[in-house]
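As C-alpha cells, the structure follows; a few thoughts come after it.
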Amino acid sequence: MKIAFVGKGGSGKTTLSSLFIRHLAAAHAPVVAVDADINQHLGVALGLDEAEAAALPAMGAHLPLIKDYLRGTNPRIASTETMIKTTPPGEGSRLLRIGEDNPVYQACARTLPLDDGSVRLMATGPFTESDLGVACYHSKVGAIELCLNHLVDGPGEFIVVDMTAGSDSFASGLFTRFDMTFLVAEPTRKGVSVYRQYKEYARDFDVALRVVGNKVQGPDDLDFLRAEVGDDLLVAFGHSDWVRAMEKGRAPRFEELEETNRDALRALRDAVDASYERRDWQRYTRQMVHFHLKNAQSWGNAKTGADLAAQVDPAFALREFAPEEGSAAAHAPA
Numbered sequence: 011m012k013i014a015f016v017g018k019g020g021s022g023k024t025t026l027s028s029l030f031i032r033h034l035a036a037a038h039a040p041v042v043a044v045d046a047d048i049n050q051h052l053g054v055a056l057g058l059d060e061a062e063a064a065a066l067p068a069m070g071a072h073l074p075l076i077k078d079y080l081r082g083t084n085p086r087i088a089s090t091e092t093m094i095k096t097t098p099p100g101e102g103s104r105l106l107r108i109g110e111d112n113p114v115y116q117a118c119a120r121t122l123p124l125d126d127g128s129v130r131l132m133a134t135g136p137f138t139e140s141d142l143g144v145a146c147y148h149s150k151v152g153a154i155e156l157c158l159n160h161l162v163d164g165p166g167e168f169i170v171v172d173m174t175a176g177s178d179s180f181a182s183g184l185f186t187r188f189d190m191t192f193l194v195a196e197p198t199r200k201g202v203s204v205y206r207q208y209k210e211y212a213r214d215f216d217v218a219l220r221v222v223g224n225k226v227q228g229p230d231d232l233d234f235l236r237a238e239v240g241d242d243l244l245v246a247f248g249h250s251d252w253v254r255a256m257e258k259g260r261a262p263r264f265e266e267l268e269e270t271n272r273d274a275l276r277a278l279r280d281a282v283d284a285s286y287e288r289r290d291w292q293r294y295t296r297q298m299v300h301f302h303l304k305n306a307q308s309w310g311n312a313k314t315g316a317d318l319a320a321q322v323d324p325a326f327a328l329r330e331f332a333p334e335e336g337s338a339a340a341h342a343p344a
C-alpha cells in the first residue's frame, strides 16, 4: 500500500508520518519509508541523529543505477539517458516489491531499527549549493516517482512517503501514485487553504484524500476543522508529551505513546487498509501514461532528443500477484 503525507510547512506532517511509520513497524509490517521533503527531517524524526540522517544515501545521486535496473530489457527504452521521472514500465522492465532485496534498495535504502521492528529508510536527498539557481526540487523527487511507477505492492505491506510541503507534488503525476493521501492540517485558515488546493487538483484523478487534524487543542479547533473540510476529516491529533520528548531527542519507547494518539494511528491504518478495495491497476497505469505523455511533450522530448511517447507499451498494465506467487507481473489491459 502506497501512502503519502502532505501539508503545508510546519503543519507537523513529518512528525505524523514518522508516528505512522513507527505504528506500522510495531505491527511487524514490511515498511519502506521515504523522505521526499525538501527539508529532509524524516530520519531524525525516526531516531537518527543529524549526522546519521545527513549520511543517508541520496536517491537522486543514484539515479543512473535506478534507471539501469528498472529499464531491464525493455526494448522501448533505447538507453537510460532517455528515461525521465515519468517513464512507465513495459514488457522487459524490472519491477520493485517492498519486501524484496534488489540493487535499488542496496544502493539507496538503510535498515533502521525501531523499538518493535525495523523499516527501510530512503531519502531523495537535500538541496546542495550546486543546485541553487539551477534546479528545482521536482528534479530531486524524480527518483521516487520513477520507483513508484515500477512498484507492485499488496495489502499488509507499505511504502510511506513524507512529501514536499504545499501543492508542489502536483507539478507532476506523483500525487496520483498513492492509495491514500493524508493531508495534515492545523486548525487555521492557512492550514485548510492547502486542503482546498489539494481537493481541487485531485478531483479529476480520483485521488483518495483524507484530512488529519494536528495541533488540535480543544473542541473549538475540532469544530473549525469539521466546518472547513467536512467528511474528509478522518481524525485529529492533540498535544503529545511523547512527541515533545521525541523532538528533544529523548523519545520513550513507542508503546508509551498516549492511547488517544495510538487510537488515531489505528484510524489511519484502517483507512489505508480500506483503500485497497478501491485499487484499480488499469486506472493507475492509464494515469501513469497520461502524465508521461504530458511531460514528454512539455520538456522531455526536447531534453532527451527522443520521442518519449514511443516508450509507452500499450499492451502493458501493472497487476498484483498473490503473495504466495512471490513476484509481480503485467498483463494486457482488459
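In our numbering, the protein residues as written are 11 to 344. All C-beta atoms in this analysis are idealised placements derived from N, C-alpha and C, irrespective of residue type, glycine included.
query, result
"Could you tell me whether the Cβ atoms of F188 and K304 are closer together than 7 Å?", "no"
"Going by C-alpha distance, which of T270, A237, Y79, M298 is nearest D111?", "Y79"
"With 16 other CB atoms within 10 Å as the buried threshold, where does S308 fall?", "exposed"
"Quick one, which of A218, S203, L235 has its alpha-carbon nearest V226's?", "L235"
"In whole angstroms, what separates the C-alpha of E101 from that of A46?", "29 Å"
"Span of the alpha helix (DSSP H) holding M256?", "251–257"
"Which of helix, strand or coil does DSSP assign to A325?", "coil"
"How big is the Cα-Cα spacing for V221 and H249?", "18 Å"
"Find the nearest neighbour of G135 within the set P123, A119, S128, judged by alpha-carbon distance.", "A119"
"Provide the residue span of the beta strand (DSSP E) that contains M298, from first to last.", "Careful: M298 lies outside any beta strand (DSSP E), inside the alpha helix (DSSP H) at 291–305."
"DSSP on F180, reduced to helix/strand/coil?", "helix"
"Among A36, G19, P165, which one has its Cα closest to the Cα of I48?", "G19"
"Using a C-beta cutoff of 7 Å, does P229 count as contacting chain C?", "Of the protein chains in the structure, only one exists, and it is not chain C."
"What's the gap between the Cα of E167 and the Cα of A39?", "6 Å"
"Measuring only the C-alpha atoms, how far is M69 from S28?", "19 Å"
"Can you tell which of A237, E238, R272 has the C-alpha that lies nearest to the C-alpha of W252?", "R272"
"How do the segment 286–294 and the segment 253–266 stand: do at least 3 beta-carbon pairs fall below 8 Å, yes or no?", "no"
"What whole-angstrom Cβ distance do P129 and I31 have, given they're in contact under 8 Å?", "Checking the sequence shown, residue 129 turns out to be Val, not Pro. Yes, they are in contact, since the Cβ atoms of V129 and I31 sit about 6 Å apart, within 8 Å."
"In chain order, which continuous runs of the beta strand (DSSP E) of length 3 or greater are located wholly inside the segment 197–275?", "219–223, 243–246"
"Which full runs of the alpha helix (DSSP H) of 4+ residues lie inside the segment 80–129, going along the chain?", "113–118"
"Any idea which residues DSSP pairs K12 with across the strands?", "I169"
"By alpha-carbon positions, which one of P324, A320, V41 ends up nearest to V171?", "V41"
"Short of 6 Å in beta carbon distance, which residues of its chain neighbour L318, apart from the five on each side in sequence? Order them along the chain.", "A306, G310, N311"
"Quick one: is P123 buried, meaning 16 or more other Cβ sit within 10 Å of its Cβ, or exposed?", "exposed"
"Could you pull the DSSP bridge partners for V347 from this structure?", "What the structure shows of the chain is the stretch from 11 to 344, and residue 347 is not part of that stretch, so it cannot be assessed."
"Using the C-alpha atoms, what's the distance from D233 back to A332?", "With a pLDDT of only 41 at A332, under 50, the local geometry of the prediction cannot be trusted, and the value read off the model is given with reservation. Rounded to whole angstroms, A332 to D233 spans 43 Å at the Cα level."
"Nearest to P324 by alpha carbon, out of E210, E62, R86, P67?", "R86"
"In the DSSP output, what is M190 paired with across the bridge?", "I13"
"Mapping DSSP to helix, strand and coil, what is G29?", "Looking at the sequence provided, one finds Leu at residue 29 rather than Gly. Three-state result, L29: helix."
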